[in-house]
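Going by our numbering, the first residue of the sequence shown is number 2, and it counts up by one from there. Idealized CB from N, CA, C, for every residue including glycine. Note that the coordinates shown come from a computational prediction; the quantities given were computed from them, not determined experimentally. These notes are about the structure you will find just below.
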Amino acid sequence: MRLRSAVSQLLCAVLLGALALVAAPAASATAAPAQTPLRGGTMLFSPSGRCMVAFNATNGTRYYGIMAGHCGAVGTRWYADPRLTVPVGVTDTAVFPGQDYALVRFTNPDYTYPSEIAAGVQVIRVNRAANPVVGQSACRVGPTTGTHCGTVQGVNVTITYPQGTVSGLFRTTICAEPGDSGGSAFGGDAGLGLLVGGSGNCTSGGTTYYQPLVPVLSAHGLRVGY
2 MRLRSAVSQL LCAVLLGALA LVAAPAASAT AAPAQTPLRG GTMLFSPSGR
52 CMVAFNATNG TRYYGIMAGH CGAVGTRWYA DPRLTVPVGV TDTAVFPGQD
102 YALVRFTNPD YTYPSEIAAG VQVIRVNRAA NPVVGQSACR VGPTTGTHCG
152 TVQGVNVTIT YPQGTVSGLF RTTICAEPGD SGGSAFGGDA GLGLLVGGSG
202 NCTSGGTTYY QPLVPVLSAH GLRVGY
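Structure representation (C-alpha cells):
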C-alpha cells in the first residue's frame, strides 16, 4: 500500500512493512499454554494487507490495538501470521480521512495485550498518553529502521492525501523509511502517536507526521498504562 501526503508540497508516504508475530506456544498434556504478549510494535496481517499495532489500550473490559485508519475498513479480520491461520482480532472502528486511526478489538485468549511497545529486543513500558509539545524530544519505533529519535516541530498540522485531508497531526524531525508506517511515537514512558506519513529517509534525514494518541483514547473511553 502506498500513500502520499502534502503540506504545500507532495510528500512521500511511508509504505507498510512486515514483522511477523511469533505464534502462541502449543498446549502440552500436563500444563496450560503460556500466553504470548502481543505488544505495540507488532505487525498484524489481513486478507488485504498488513499493518502495525502502534499501542494497546483497554476500556476496562476489552483490549484494543490502535493502528492507522487506512489499514482496513470496519470488519477487517487480523491474524498473527501472514498465512492467516492465527486470528487475533477484528477492526471495530476505522477513521480516515479526517483523522487516521483504527481500533482492532482483540479476541484471542491465547495472547495478552500489555501496555508496552516492542522495540527489537527492548520492551518499552507505556504508562500514560501525552499531548506532544513543540520542542520536546520524541522517539519512534518501526520495523524497517528500528528506533530513531528527534524533535517535535509542530502540532495541529493538516496534510492532504489523495483520499482527503487529515487534521490535528503533529510533525517531527524523526526519520522513517518504507515499512515504518504505523510505528509508535513516544516520549519517555508516554505514548504520543502513530506514524501516518512522511518524507526523506534515515540516511539524509526527513520529516514524519503522526496521529496523536490522546484524542483517540478520549474519543473511545480507552486508556493505556494498565
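- If the five residues before and after G121 are omitted, its C-beta is found closer than 8 Å to the C-beta atoms of G147, T148, all from its own chain and listed in chain order.
- Sequence-distant partners of Q100 (beyond 5 residues in either direction) whose C-beta falls short of 7 Å from its own C-beta, in its chain, are G70, V167, G169, Q212.
- Listed in chain order, the beta strand (DSSP E) elements of length 3 or more contained wholly in the region 157-218 are 165-173, 185-188, 191-202, 206-213.
- In the DSSP assignment, Y114 falls outside any beta strand (DSSP E), carrying neither H nor E.
- Of the candidates V156, V158, R172, A130, the residue whose Cα lies closest to the Cα of C150 is R172.
- Annotated three-state conformation of G222 is coil, per DSSP.
- Counting along the chain, G50 sits inside the beta strand (DSSP E) bounded by residues 50-53.
- The three-state secondary structure of G73, taken from DSSP, is coil.
- Between T62 and V105, the alpha-carbon positions lie close to 14 Å from each other.
- Judged by DSSP secondary structure, T59 falls within the beta strand (DSSP E) whose first and last residues are 56-59.
- In this chain, Y227 is not harboured by any beta strand (DSSP E), its DSSP state being neither H nor E.
- Taking the Cα of Q137 as reference, the smallest distance to any Cα among V153, A74, L223 is reached at V153.
- In chain order, C176, E178 place their CB closer than 7 Å to the CB of N202, counting only its own chain and leaving out the 5 sequence neighbours on each side.
- Counting other Cβ atoms within 10 Å of its Cβ, A130 reaches 16 or more and is therefore classed as buried.
- Straight-line spacing of the CA atoms in G90 and V156 works out to 32 Å.
- For R78, the enclosing beta strand (DSSP E) starts and ends at 78-80.
- The residue among Y64, T59, P83 with its C-alpha nearest the C-alpha of G50 is P83.
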